[in-house]
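S.K.:
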Amino acid sequence: MTPATPAPPSLRRTQSKSLPDMGADTNKAKAAVLMLTAVSLFACLDSSAKIASRELPAFEVVWVRFALHFLFAGIALNPWRTPEAWRTNNPKLQVIRALIQIVCTVLNFLALGYLQIAQTLSIQFTGPAFVTLLSIFWLGEKVGRYRWTAIGISFIGVLVITRPAPGSINPAFGIILASVIVGSAYSIITRRLTSSDSPGSMLLIMAALPALILTPLMPFIWIWPRNAATWIGLAGAGFFGALSHYFYIQAHRHAPASFLAPLAYFQFLAVLVLGFVFFGDIPTVWTLIGSMILMGSGLYIWHRERVLAKTTCEN
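End of the sequence shown = 315 in the UniProt record's numbering, gap-free, step of one.
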């Protein structure tokens, strides 16, 4: 699972406050470069996973992705320099969040084996709609008619991309949609955790627990890559997974998340380029139209959340 869409502002505000304060001054230009780098690396992560998943089991690719992520994160957040990153005040939610991350990533990598990266990312643009829906039931938030309209438009975008018809819809669309729905729960849990746990602990546990849980399966499903491309894809899944999150966090140290959120949609352009270069993928007109609908809907939800958050703060 990769951050493909901006989270609701209420979540983003909490995350920003919980990021470690390194004394960095606000620098929106620098933050924008870091954010664009992060989302480009997320696209590289998906491309690497797609390359590796063509030959290897999805669980193997997921294990390598999280094992290398934990290795890099553990080096960057060593317990002597940042001991708070290795502690948690809410282990139960941390475990649930990590388990959800396993499910999301496996589903995402499975879908990548059958769909263009642009198609999977387009469906992921429904994330803000599902997060908003789950916020109603889990957090008791109220949703007005404008956001309900935007949510409805999101699903119209999905219909444009999938163009469902008897016997013609690709089941992989259902897989990636399930990943988005489960990932919405991940976002809600992250919202709760940011009030009690450090972002370092969430970064480490998010990688460590999936790697630990999947390790016993490896002797039974492991397949050695047979060519250099698969090796590169496998290593890239872990490397880009860790590096992208590093730049993502760094970006949020130099500018408020409300400024950075819309830049996440740059990932779609990166995906189009990488999909064409590495896989010869040319998105259909329907994918492009549906993506524009979904991005517009997501940005409108983001805008309405911002307006409501500003109104709440003023009151």
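Where is the CB? At the ideal position from N, CA and C, for every residue including glycine.
With a threshold of 6 Å on Cβ separation, who are the neighbours of residue 58 within its own chain once the five nearest residues in sequence on each side are excluded?
M.R.: Sequence index remark: in the sequence shown, residue 58 carries index 58 (1-based). Within the same chain, residue 58 has close Cβ partners 106, 109, 110.
S.K.: Could you round the C-beta distance between residue 242 and residue 63 to whole angstroms and report it? I think they count as a contact, below 8 Å.
M.R.: Counting from 1 along the sequence shown, the entry for residue 242 is found at position 242. Counting from 1 along the sequence shown, the entry for residue 63 is found at position 63. Residue 63 and residue 242 do not touch by the CB rule: their CB atoms are close to 14 Å apart, not below 8 Å.
S.K.: Put residue 38 into one of helix, strand or coil per three-state DSSP.
M.R.: Counting from 1 along the sequence shown, the entry for residue 38 is found at position 38. Three-state DSSP puts residue 38 in a helix.
S.K.: By how many angstroms is the C-alpha of residue 145 removed from the C-alpha of residue 21?
M.R.: Here residue 21 is taken as the residue at index 21 of the sequence shown, counted from 1. Here residue 145 is taken as the residue at index 145 of the sequence shown, counted from 1. Caution applies to residue 21, whose pLDDT of 42 falls short of 50 and renders its modelled position unreliable; the value that the coordinates give is listed next. If you take the alpha carbons of residue 21 and residue 145, they lie about 38 Å apart.
S.K.: Give the range of the alpha helix (DSSP H) segment to which residue 191 is assigned.
M.R.: Within the sequence shown, numbered from 1, the residue matching residue 191 stands at position 191. Taken as a continuous stretch (DSSP letters only), the alpha helix (DSSP H) holding residue 191 covers 171-193.
S.K.: With a threshold of 16 other CB atoms inside 10 Å of the CB of residue 39, please say whether the residue is buried or exposed.
M.R.: The residue you call residue 39 lines up with position 39 of the sequence shown. Buried, since its Cβ has 16 or more Cβ neighbours within 10 Å.
S.K.: For residue 286, which residues from the same chain have a beta carbon less than 7 Å from its beta carbon, with the 5 sequence-adjacent residues on both sides left out?
M.R.: If you number the sequence shown from 1, residue 286 lands on position 286. Taken in chain order, the residues that qualify are 160, 161, 163.
S.K.: Mapping DSSP to helix, strand and coil, what is residue 282?
M.R.: Position 282 of the sequence shown, counted from the first residue, corresponds to residue 282. Reduced to three states, the DSSP call for residue 282 is coil.
S.K.: Look at the alpha carbon of residue 79 and the alpha carbon of residue 200, and state the distance between them as a whole number of angstroms.
M.R.: The sequence position of residue 79 within the sequence shown is 79, counting from 1. The sequence position of residue 200 within the sequence shown is 200, counting from 1. Approximately 11 Å between the Cα atoms of the pair.
S.K.: Between 227, 42, 122, 215, which lies nearest to residue 296 when the distance is taken from Cα to Cα?
M.R.: On the sequence shown, residue 296 is found 296 positions in, with the first residue counted as 1. Closest option to residue 296, Cα to Cα, is 122.
S.K.: Can you give me the Cβ contacts of residue 46 inside the same chain, cut-off strictly under 6 Å, excluding the 5 residues immediately before and after it?
M.R.: Position 46 of the sequence shown holds residue 46. So the list reads 117, once near-sequence residues are dropped.
S.K.: Compare the Cα-Cα distances from residue 172 to each of 115, 202, 183, 158 and report the closest residue.
M.R.: By 1-based counting over the sequence shown, the position of residue 172 is 172. Nearest option by C-alpha distance: 115.
S.K.: Could you tell me if residue 280 is buried or exposed, where buried requires 16 or more neighbouring beta carbons within 10 angstroms of its beta carbon?
M.R.: The residue you call residue 280 lines up with position 280 of the sequence shown. Answer is exposed; the Cβ neighbour count stays below 16.
S.K.: Excluding the 5 residues preceding and the 5 following residue 143 in the sequence, name in chain order all residues of the same chain whose CB lies nearer than 7 Å to its CB.
M.R.: For the purposes of this step, residue 143 is identified with residue 143 of the sequence shown, where counting begins at 1. Only 132, 136 meet the Cβ criterion.
S.K.: Please look up how many angstroms separate the CB atoms of residue 254 and residue 31, rounded, as I've assumed it's under 8 Å.
M.R.: Walking along the sequence shown from the start, residue 254 turns up at place 254. Walking along the sequence shown from the start, residue 31 turns up at place 31. Right, their Cβ atoms sit about 4 Å apart.
S.K.: What's the C-alpha gap between residue 277 and residue 91?
M.R.: Numbered from 1 along the sequence shown, position 277 holds the residue referred to as residue 277. Numbered from 1 along the sequence shown, position 91 holds the residue referred to as residue 91. C-alpha of residue 277 to C-alpha of residue 91: approximately 42 Å in a straight line.
S.K.: With DSSP as the reference, label residue 119 as helix, strand or coil.
M.R.: For the purposes of this step, residue 119 is taken as the residue at position 119 of the sequence shown. If DSSP states are grouped into helix, strand and coil, residue 119 belongs with the helices.
S.K.: Would residue 191 be called buried (16 or more neighbouring beta carbons within 10 Å of its own) or exposed?
M.R.: The residue you call residue 191 lines up with position 191 of the sequence shown. Buried: at least 16 other Cβ atoms inside 10 Å.
S.K.: Count the other CB atoms within 10 Å of the CB of residue 158; is the residue buried (16 or more) or exposed (fewer)?
M.R.: Looking up residue 158 in the sequence shown gives position 158. When all chains shown are included, residue 158 counts as buried.
S.K.: Since residue 134 contacts residue 188 with CB under 8 Å, what's their CB separation in whole angstroms?
M.R.: On the sequence shown, residue 134 is found 134 positions in, with the first residue counted as 1. On the sequence shown, residue 188 is found 188 positions in, with the first residue counted as 1. Indeed they touch by this definition, with Cβ atoms about 5 Å apart.
S.K.: If we require 4 or more residues per run, which alpha helix (DSSP H) segments fall completely within the stretch 188-261?
M.R.: Counting only runs of 4 or more residues that sit fully inside the stretch 188-261, the alpha helix (DSSP H) segments are 199-214, 218-221, 228-254, 257-260, in chain order.
S.K.: Could you pull out every residue in the same chain whose Cβ sits closer than 6 Å to the Cβ of residue 304, ignoring the five residues on either side in sequence?
M.R.: Numbered from its first residue, the sequence shown carries residue 304 at position 304. These residues qualify, in order along the chain: 146, 147.
S.K.: Please look up how many angstroms separate the CB atoms of residue 218 and residue 60, rounded, as I've assumed it's under 8 Å.
M.R.: Taking the sequence shown and counting its residues from 1, one reaches residue 218 at position 218. Taking the sequence shown and counting its residues from 1, one reaches residue 60 at position 60. Correct: roughly 7 Å between the Cβ atoms.
S.K.: Rounded to the nearest angstrom, what separates residue 289 and residue 73 at their Cα positions?
M.R.: The residue given as residue 289 occupies position 289 in the sequence shown. The residue given as residue 73 occupies position 73 in the sequence shown. Each residue's alpha carbon lies about 38 Å from the other.
S.K.: Which word fits residue 220, buried or exposed, when buried means at least 16 other C-beta atoms lie within 10 angstroms of its C-beta?
M.R.: Here residue 220 refers to the residue found at position 220 when the sequence shown is read from its first residue. By the neighbour-count rule (16 or more Cβ atoms within 10 Å), residue 220 is not buried but exposed.
S.K.: Check this for me: beta carbons of residue 214 and residue 93, under 9 Å apart or not?
M.R.: Walking along the sequence shown from the start, residue 214 turns up at place 214. Walking along the sequence shown from the start, residue 93 turns up at place 93. Against a cut-off of 9 Å, the Cβ pair of residue 93 and residue 214 comes out as no contact.
S.K.: CA-CA distance, residue 229 and residue 52?
M.R.: As a working note, residue 229 is residue 229 in the sequence shown. As a working note, residue 52 is residue 52 in the sequence shown. C-alpha separation (whole angstroms): 8 Å.
S.K.: Round the Cβ separation of residue 203 and residue 95 to the nearest angstrom and send it over; I've been treating them as touching at under 8 Å.
M.R.: Position 203 of the sequence shown, counting from 1, holds the residue named residue 203. Position 95 of the sequence shown, counting from 1, holds the residue named residue 95. About 15 Å; that fails the 8 Å criterion.
S.K.: In chain order, which continuous runs of the alpha helix (DSSP H) of length 4 or greater are located wholly inside the UniProt domain "EamA" (31-162)?
M.R.: 58-76, 91-112, 117-124, 127-138, 145-162
S.K.: Taking the alpha carbon of residue 85 as the reference point, which residue from 186, 207, 178 has its own alpha carbon closest?
M.R.: The residue you call residue 85 lines up with position 85 of the sequence shown. Comparing Cα-Cα distances from residue 85 to each of 186, 207, 178, the minimum goes to 207.
S.K.: Hey, residue 299 and residue 43: beta-carbon distance below 9 Å or not?
M.R.: Counted from its first residue, the sequence shown places residue 299 at position 299. Counted from its first residue, the sequence shown places residue 43 at position 43. Taking 9 Å as the cut-off, the beta carbon of residue 299 is found no closer than this to the beta carbon of residue 43.
S.K.: So for residue 287, helix, strand or coil by DSSP?
M.R.: Here residue 287 corresponds to residue number 287 of the sequence shown, with the count starting at 1. Helix at residue 287.
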